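Here the structure is laid out as structure tokens; the discussion comes afterwards.
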Amino acid sequence: MTAAEVARNVINEDELFILDVRNETDFFDWKIEGKKFEIHNIPYFDLLEGVEGIIERIPENKDILVVCAKEGSSIMVAEMLSEAGLHVAYLKGGMKAWSEHLEPVKIGTLTDGGEIYQFVRHGKGCLSYLVVSNGEAAVIDSTRMIDVYLDFAESIGAKIKHVFDTHLHADHISGGRNIAKKTNATYWLPTKDATEVTFDYEPLESGTVITIGHTAIDIHALYSPGHTIGSTSFVIDEKYLLSGDILFIGSIGRPDLAGLGDDWVVDLRETLYIRYRELSEELIVLPSHFMIHEELNDDGSVAKKLGYLFAENHGLNITDESEFRALVTGNLPPQPNAYQEIRETNMGKFQPNDEKQLEMEIGPNRCAVR
Numbered sequence: 155m156t157a158a159e160v161a162r163n164v165i166n167e168d169e170l171f172i173l174d175v176r177n178e179t180d181f182f183d184w185k186i187e188g189k190k191f192e193i194h195n196i197p198y199f200d201l202l203e204g205v206e207g208i209i210e211r212i213p214e215n216k217d218i219l220v221v222c223a224k225e226g227s228s229i230m231v232a233e234m235l236s237e238a239g240l241h242v243a244y245l246k247g248g249m250k251a252w253s254e255h256l257e258p259v260k261i262g263t264l265t266d267g268g269e270i271y272q273f274v275r276h277g278k279g280c281l282s283y284l285v286v287s288n289g290e291a292a293v294i295d296s297t298r299m300i301d302v303y304l305d306f307a308e309s310i311g312a313k314i315k316h317v318f319d320t321h322l323h324a325d326h327i328s329g330g331r332n333i334a335k336k337t338n339a340t341y342w343l344p345t346k347d348a349t350e351v352t353f354d355y356e357p358l359e360s361g362t363v364i365t366i367g368h369t370a371i372d373i374h375a376l377y378s379p380g381h382t383i384g385s386t387s388f389v390i391d392e393k394y395l396l397s398g399d400i401l402f403i404g405s406i407g408r409p410d411l412a413g414l415g416d417d418w419v420v421d422l423r424e425t426l427y428i429r430y431r432e433l434s435e436e437l438i439v440l441p442s443h444f445m446i447h448e449e450l451n452d453d454g455s456v457a458k459k460l461g462y463l464f465a466e467n468h469g470l471n472i473t474d475e476s477e478f479r480a481l482v483t484g485n486l487p488p489q490p491n492a493y494q495e496i497r498e499t500n501m502g503k504f505q506p507n508d509e510k511q512l513e514m515e516i517g518p519n520r521c522a523v524r
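Take any residue in the sequence shown, note its place counting from 1, add 154, and you have its number in my numbering.
This is the structure in structure tokens:
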């Protein structure tokens, strides 16, 4: 079974029994999740003598998927289960493939005929975007798997002209600069997040307006610090709010990944409680991450109106500033895997090879507090 097929199972809320044969530490840190998935962890080394002892724990009336880190162990376990009479599949490419798979979803059309697409990285909780108008495109918060965006743009006859990062990412390696190099596009980065970068970029500052195509589709930079000092939101076509890692569907961004949580919590509150309150509640919020799969809509997208989030997101409804500070600084999840190395990679200070990049990104995103 491919990662794309597993993603469709997630979106369609299909039943699936997953036998994860990685070690317990890796399993409890990060696993495949779906609303109707049943998942069990039995390490591969416990099955070297055979699977007879676990047969009764595996249902006969559900699709069965065996998962490991890179594929090899899951093939061997799947073969043993098959020989025992079960109909079973293994995850092609293992959790590596699951981590890297991107699922494109069309979000909607723009006023003058353009379109906006969301790329959902189920295995990492990352969300990135492609905005298209009159044959021109912009990519926002791309992952390092740049061929997905290049191939998709080519398939719809669009040329990538601009590439944006809403902030300096700490949980995943940005593909923005590589896309810009491949396509001769302009790469934009918030100035206040770029004080240590080693490459050229165009400064993305409050009030910046970039037109995509020949129609009135503008991307407005809205300075919104809090997750990082330079975090910048985009209002696209007066219809969509790309909130980066400031605001998610069921949570808000954490301010501590540069070691300045106590300082940036003030900026985070000002962005969420003042700057965002000045925006139209009809804007559709498109974040750069999601925490749990319950945040997915029926079509597999991650999006809600700003007014809905004002009413339902707990992080937007804490009137007491000290209580807000306590939530944001005292309720933080573990920091993302290798986040300092990822930050340095995105600054251009560190050039890891492909295997190292995969290793750095393994695990869930941890950009939110709730």
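Quick reminder that beta carbons are idealized off the backbone N, C-alpha and C, glycines included. Predicted, not measured: the structure shown is a model, and the values here were computed from it.
| query | result |
| --- | --- |
| Local conformation of T352 per DSSP, three classes | coil |
| Cβ-Cβ distance between I446 and G502 below 9 Å | no |
| Of the listed residues V482, H443, F504, nearest to T297 (C-alpha basis) | H443 |
| Residue(s) in a DSSP beta bridge with A375 | F388 |
| Rounded distance between the beta-carbons of D266 and S282, thought under 8 Å | Incorrect: roughly 23 Å between the Cβ atoms, too far for contact. |
| Strand pairing of Y271, partner residues [DSSP] | K260, L284 |
| Helix, strand or coil at W252 according to DSSP, with G and I counted as helix | helix |
| Under 9 Å between C-beta atoms of T365 and P344 | no |
| Where V175 falls, given that 16 or more other Cβ within 10 Å makes a residue buried | buried |
| Close beta carbons around K185, own chain, < 7 Å, minus the five adjacent residues each side | D174, I193 |
| Short Cβ contact (9 Å threshold) for G204 with N163 | no |
| Candidates K335, A375, H323: closest to L358 by CA position | A375 |
| Reduced DSSP category for I327 - H, G, I as helix; E, B as strand; rest coil | coil |
| Through-space distance from I383 to L411, alpha-carbon basis | Residue confidence is low: L411 scores 47 on pLDDT, short of 50, so the model does not pin down where it sits. Its coordinate-derived value is still stated next. Answer to the nearest angstrom: the Cα atoms are 11 Å apart. |
| Any non-hydrogen atom of the ligand MN closer than 8 Å to A238 Cβ | The model on display carries no ligand, and the ligand MN is accordingly not part of it. |
| Check whether Y394 and I229 have beta carbons under 9 Å apart | no |
| First through last residue of the beta strand (DSSP E) which encompasses N195 | 191-195 |
| C-alpha gap between G290 and T425, whole angstroms | Residue 290 is actually Glu in this sequence, not Gly. Approximately 31 Å between the Cα atoms of the pair. |
| Buried versus exposed, by CB contacts within 10 Å (16 or more), L264 | buried |
| Endpoints, beta strand (DSSP E) assigned at D174 | 170-174 |
| Under 9 Å between C-beta atoms of I333 and V274 | no |
| K335 classed as buried or exposed, judged by whether at least 16 other C-beta atoms fall within 10 angstroms | exposed |
| Cβ-based burial, Y250 [other Cβ within 10 Å; buried from 16] | A small correction: the amino acid at residue 250 is Lys; Tyr does not occupy that position in the sequence shown. Flag for K250 reads buried. |
| Residue span of the beta strand (DSSP E) that contains K315, given as start and end | 313-318 |
| Cβ separation of P518 and G279, assumed to be a contact under 8 Å, to the nearest whole Å | 6 Å |
| Spatially closest choice to D529 from I209, P409, H468, K510, by CA coordinates | The requested residue 529 does not occur in the structure, where the chain is confined to residues 155 to 524. |
| Residue(s) in a DSSP beta bridge with L304 | Paired residues: none, contrary to the question. |
| A348 versus N166, I165, I261, L322, residue with shortest Cα-Cα distance | L322 |
| Meets three-Cβ-pair contact criterion under 8 Å: the region 419-439 and the region 307-316 | no |
| Under 9 Å between C-beta atoms of L512 and E254 | yes |
| Exposure of A324, with buried meaning 16 or more beta-carbon neighbours within 10 Å | buried |
| 8 Å CB neighbourhood of L219 in its chain, flanking five on each side removed | M155, V160, L170, F171, I172, L173, V242, A243, Y244, L245 |
| Residue interval of the beta strand (DSSP E) (run including L395) | 394-398 |
| Bridge-paired residues (DSSP) for E290 | S287, K313 |
| Beta-carbon gap between G367 and G268 smaller than 9 Å | yes |
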